[in-house]
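As they're listed, the protein sequences go chains A and B. Everything in the first sequence is counted per this note's numbering, starting at 33 for the first residue and increasing by one. Everything in the second sequence is counted per this note's numbering, starting at 33 for the first residue and increasing by one. We treat Cβ as the ideally placed atom computed from N, Cα and C, and that holds for glycine.
Number of protein chains: 2
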Amino acid sequence: MKHVTIKDIANKLNLSISSVSRAFNDKYDIKKETKELVLKTAEEMGYIPNPIAKKLSQNKTFNIGVVVPEFINEFYSEVLIAIQDILVPKGYQILIMQSDEDPEQELKNVKTLINNMVDGLIIAPTTGNHEINMDFYLKRYNNGHPTVFMSRIDESIHVPKVLFDNKKWSFFATEHLIRQGYKKIYYLSGYKSLGVCQNRINGFLKAMNKNKIKPENYKVIETGLFANEGMNVMEDLIYKHDIPEALFCFNDWVAIGAIKALKKNAFNVPEDVAVMGFTETRMAGLITPQLSSVKQPTREYGIKSAEILLNQIENNIFDNETTILNGVLNNRESTPSKNK
Amino acid sequence: MKHVTIKDIANKLNLSISSVSRAFNDKYDIKKETKELVLKTAEEMGYIPNPIAKKLSQNKTFNIGVVVPEFINEFYSEVLIAIQDILVPKGYQILIMQSDEDPEQELKNVKTLINNMVDGLIIAPTTGNHEINMDFYLKRYNNGHPTVFMSRIDESIHVPKVLFDNKKWSFFATEHLIRQGYKKIYYLSGYKSLGVCQNRINGFLKAMNKNKIKPENYKVIETGLFANEGMNVMEDLIYKHDIPEALFCFNDWVAIGAIKALKKNAFNVPEDVAVMGFTETRMAGLITPQLSSVKQPTREYGIKSAEILLNQIENNIFDNETTILNGVLNNRESTPSKNK
DNA sequence: TCATTTTACGGAAACGTTCTCGGTAATTAT
DNA sequence: ATAATTACCGAGAACGTTTCCGTAAAATGA
Numbered sequence: 033m034k035h036v037t038i039k040d041i042a043n044k045l046n047l048s049i050s051s052v053s054r055a056f057n058d059k060y061d062i063k064k065e066t067k068e069l070v071l072k073t074a075e076e077m078g079y080i081p082n083p084i085a086k087k088l089s090q091n092k093t094f095n096i097g098v099v100v101p102e103f104i105n106e107f108y109s110e111v112l113i114a115i116q117d118i119l120v121p122k123g124y125q126i127l128i129m130q131s132d133e134d135p136e137q138e139l140k141n142v143k144t145l146i147n148n149m150v151d152g153l154i155i156a157p158t159t160g161n162h163e164i165n166m167d168f169y170l171k172r173y174n175n176g177h178p179t180v181f182m183s184r185i186d187e188s189i190h191v192p193k194v195l196f197d198n199k200k201w202s203f204f205a206t207e208h209l210i211r212q213g214y215k216k217i218y219y220l221s222g223y224k225s226l227g228v229c230q231n232r233i234n235g236f237l238k239a240m241n242k243n244k245i246k247p248e249n250y251k252v253i254e255t256g257l258f259a260n261e262g263m264n265v266m267e268d269l270i271y272k273h274d275i276p277e278a279l280f281c282f283n284d285w286v287a288i289g290a291i292k293a294l295k296k297n298a299f300n301v302p303e304d305v306a307v308m309g310f311t312e313t314r315m316a317g318l319i320t321p322q323l324s325s326v327k328q329p330t331r332e333y334g335i336k337s338a339e340i341l342l343n344q345i346e347n348n349i350f351d352n353e354t355t356i357l358n359g360v361l362n363n364r365e366s367t368p369s370k371n372k
Numbered sequence: 033m034k035h036v037t038i039k040d041i042a043n044k045l046n047l048s049i050s051s052v053s054r055a056f057n058d059k060y061d062i063k064k065e066t067k068e069l070v071l072k073t074a075e076e077m078g079y080i081p082n083p084i085a086k087k088l089s090q091n092k093t094f095n096i097g098v099v100v101p102e103f104i105n106e107f108y109s110e111v112l113i114a115i116q117d118i119l120v121p122k123g124y125q126i127l128i129m130q131s132d133e134d135p136e137q138e139l140k141n142v143k144t145l146i147n148n149m150v151d152g153l154i155i156a157p158t159t160g161n162h163e164i165n166m167d168f169y170l171k172r173y174n175n176g177h178p179t180v181f182m183s184r185i186d187e188s189i190h191v192p193k194v195l196f197d198n199k200k201w202s203f204f205a206t207e208h209l210i211r212q213g214y215k216k217i218y219y220l221s222g223y224k225s226l227g228v229c230q231n232r233i234n235g236f237l238k239a240m241n242k243n244k245i246k247p248e249n250y251k252v253i254e255t256g257l258f259a260n261e262g263m264n265v266m267e268d269l270i271y272k273h274d275i276p277e278a279l280f281c282f283n284d285w286v287a288i289g290a291i292k293a294l295k296k297n298a299f300n301v302p303e304d305v306a307v308m309g310f311t312e313t314r315m316a317g318l319i320t321p322q323l324s325s326v327k328q329p330t331r332e333y334g335i336k337s338a339e340i341l342l343n344q345i346e347n348n349i350f351d352n353e354t355t356i357l358n359g360v361l362n363n364r365e366s367t368p369s370k371n372k
């Protein structure tokens, strides 16, 4: 039951502790035969190295902290898996914490991870511009602590980051609706206080301006992140007889909620109202009608973030590079062409 | 930039290291004033305790390993959040690993966590009866290592576990279809090799027997876990003109896939074919028609598992208790009554 | 007042590694 | 054969805590 240590092996073989240690860590001054002997007896004795001791003496934990705003949606789950795929083979362990979309919880999470001496942090902030948190993260990063930011972070902040151009793809999605022939388009946005939502609003508005859509033919309606909010907002519009030709929604959930409200009130999708989602989920291709949406590259998010972090930790390379990932606009049944 | 240690504080105050340590750990032989002095100067000097050293000297990591088969679906995400909600306030950190539904990966994950000296393990096996893994876990548990098993584990195995009676609820769901008046019912199962799938099949068959449904009026068709598999199997049935009155599906995804195939081939749901899901997801209430399903109590899963583990770790209570959680059968539009 | 108990603190070992330094034996070069 | 080099190994400090044990000072009791 007693834990076998390096010392026990040393005693048994009449070797020194240092020699046994060398046997495990290769490449040092150690004879091939003794090394093999040590390895063999270690195996026999059921030796398991104590990572805690290793960490203490090396001042390295081989732990990476990852903080995400939530992982109920597939998005961050997929990102996390990708991060693991890169980091675990390199010997790192990942500590995952979720902030429940709350900046205060986020800061707590980061501090907990720091207290646990993580070798590096990947942070997906709940919002891109929460100043108190950002100040804290920045100071730490500038003191030389490996950190990568992800997803919802302002492009202007001078740190290594991996992001998606929400404004651009929101613009693309909106223009797509315009090109499909829809004249009156409403955007059901998330919370305007979230940076990511603001960016997508800006993309929507940019498309309106560029295409000279008159103000009476578009609207931005603050909605939320979940289906029931999309449903409520749509119910409200129906109640007011304020029905657009097309809806662009902050995410697939909002879109699905809106569709539900429409169907319930005898509107046909897409004949009466076309609907477009965002941050595609697996459902998009499965519901009726199949939902047009913008797919974000979840795996690339994780892979790229992990690689940048590794570069900081292992090669001491601290570029403030910004990686902007590309999406895919999937046109499906919910946004057919009205032209001709 | 140098890390402030307990020693630095001791030097500054002309105290011994032990006294400073006592100041932080309360309740020992320490005068109130000195304690406050230590705490105050520690604060000023920006002291952060080194958890690694603490762990080494206490032989405790305050880390809990949680291994889940996957966390792409909401189910385990919700369980994980509940586990965190219980354990984090108690000072524990959670290391999450996912096995990608692969027993070998699962064993690797568990071993990685053990090597990292977790104080306890919560394991949701990919399947309930993979013998090699189970032998390993059991031996460890019987050697006094805190462990709780969750979700997909056989009731007969003598360990502390939290589970859902899949057979019972599958039986309930099937009987519900029968009572709603459906005479010909097919079950689209998961992989028969997975214990959890086998249990649900047994529940289905039990309902068939009890209600004396003739063999020509039911079928169990091995399908899979994802929507495209549900879709393919249903397409195949349609091709063979082998259409039941109701479908019972292994999970909501399979159900949604099957519904898609039906709609595509001009069958109406539920008029032509009723459909019932399982392990309810958020989508169930949002798609058209709203999907009847069985809701599993995800939060209770996590809370109960965490509590049992804490009891093992902190109170040394190792009951082999089995907690069986209750579900809820939500009847929605996809399974209306045919009677009358 | 003196013996006894309590309180508060210091010394030092322990946790299990890594790693620097120095030393000896073996090998090679001169 | 001797000197120089190399290969291999051991001693012991270091990482930052906790905790056991001993003891001086203070408090208590008679």
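Partner residues on chain A for residue i, Cβ-Cβ distance less than 8 Å
i: B/Asn264; result: Result: empty, since nearest Cβ-Cβ is about 13 Å, beyond 8 Å.
i: B/Lys238; result: What B/Lys238 touches in chain A: nothing, since even the nearest Cβ is about 31 Å away.
i: B/Gly289; result: Leu318
Cβ shell of residue i (< 6 Å), same chain only, five flanking positions each side left out
i: A/Cys229; result: Ser221, Gly222, Tyr223
i: B/Met129; result: Val99, Asn141
i: B/Glu353; result: Pro192
i: A/Gly256; result: none
i: A/Arg232; result: Asn198, Ser202
i: B/Asn105; result: none
i: B/Lys336; result: Val194, Thr355
i: A/Ile155; result: Val99, Phe181
i: B/Asp61; result: none
i: B/Thr158; result: Pro101, Ser131, Glu133, Pro135, Glu138
Per DSSP, the bridge partner or partners of residue i
i: A/Phe196; result: A/Leu357
i: A/Met266; result: Its beta-bridge partners do not exist; DSSP assigns none.
i: A/Ile253; result: A/Leu220
i: B/Ala287; result: Paired residues: none, contrary to the question.
i: B/Asn371; result: Paired residues: none, contrary to the question.
i: B/Asn95; result: B/Gln125
i: A/Leu279; result: A/Tyr218, A/Val307
Proximal residues of chain B, C-beta to C-beta of residue i below 9 Å
i: A/Ala259; result: Arg314, Met315, Gly317, Leu318
i: A/Lys171; result: Result: empty, since nearest Cβ-Cβ is about 12 Å, beyond 9 Å.
i: A/Leu88; result: Asn82, Ile84, Ala85, Lys87, Leu88
i: A/Ile49; result: Within 9 Å Cβ-Cβ: nothing; A/Ile49 doesn't reach chain B, min ~16 Å.
Own chain residues within Cβ distance below 7 Å of residue i, not counting five before or after
i: A/Leu119; result: Ile96, Ile126, Ala338
i: B/Leu5; result: The structure shown does not extend to residue 5 of chain B, since chain B is modelled only from 33 to 372, so the question has no answer here.
i: A/Glu332; result: Leu357
Contact set for residue i: own chain, Cβ-Cβ below 8 Å, skip 5 residues either direction
i: A/Ala42; result: Ser48, Ile49, Ser51, Val52
i: B/Met33; result: Per-residue confidence for B/Met33 stands at a pLDDT of 47, beneath the threshold of 50, marking its modelled position as unreliable; no derived number is given.
i: A/Asn46; result: none
i: A/Asn260; result: Gly289
Integer Cβ distance of residue i from residue j, believed to fall under 8 Å
i: B/Pro22; j: B/Gln344; result: In the structure as shown, chain B starts at 33 and stops at 372, and residue 22 of chain B therefore has no counterpart that could be examined.
i: A/Phe103; j: A/Tyr124; result: About 19 Å separates the two Cβ atoms, so there is no contact after all.
i: B/Leu170; j: B/Ser183; result: Not confirmed; about 17 Å, so no contact.
i: A/Met266; j: A/Tyr250; result: 16 Å between Cβ atoms; not a contact.
i: B/Gly78; j: B/Val111; result: The Cβ separation is near 38 Å, so there is no contact.
i: A/Lys295; j: A/Val286; result: That pair is no contact at about 15 Å.
i: B/Gln322; j: B/Ser366; result: 6 Å
i: B/Ala55; j: B/Leu71; result: 6 Å
Contact list for residue i against chain A, beta-carbon separation under 9 Å
i: B/Leu127; result: Asn95, Gln125, Ile126, Leu127, Ile128
i: B/Lys374; result: The question about residue 374 of chain B has no answer, for chain B in this structure spans 33 to 372.
i: B/Lys292; result: Gly317, Leu318, Ile319, Thr320, Gln322
Contacts of residue i in chain A (Cβ-Cβ under 7 Å)
i: B/Pro83; result: Asn147, Asn148, Met149
i: B/Ser109; result: Phe103, Ile104, Ser109
Beta-carbon neighbours of residue i, restricted to chain B and to distances below 7 Å
i: A/Lys200; result: Ordered by position in chain B, no residue passes the 7 Å Cβ test against A/Lys200, which lies about 27 Å from the chain.
i: A/Gly152; result: Those within 7 Å of A/Gly152 in chain B number zero; the least Cβ separation is about 16 Å.
Quick check for students: name the residue ranges of the beta strand (DSSP E) that lie wholly in the region 307-350 of chain B, counting only runs of 3 or more.
325-327
Give, in chain order, every unbroken run of the beta strand (DSSP E) that is at least 3 residues long and sits entirely within the region 97-178 of chain A.
125-130, 152-155
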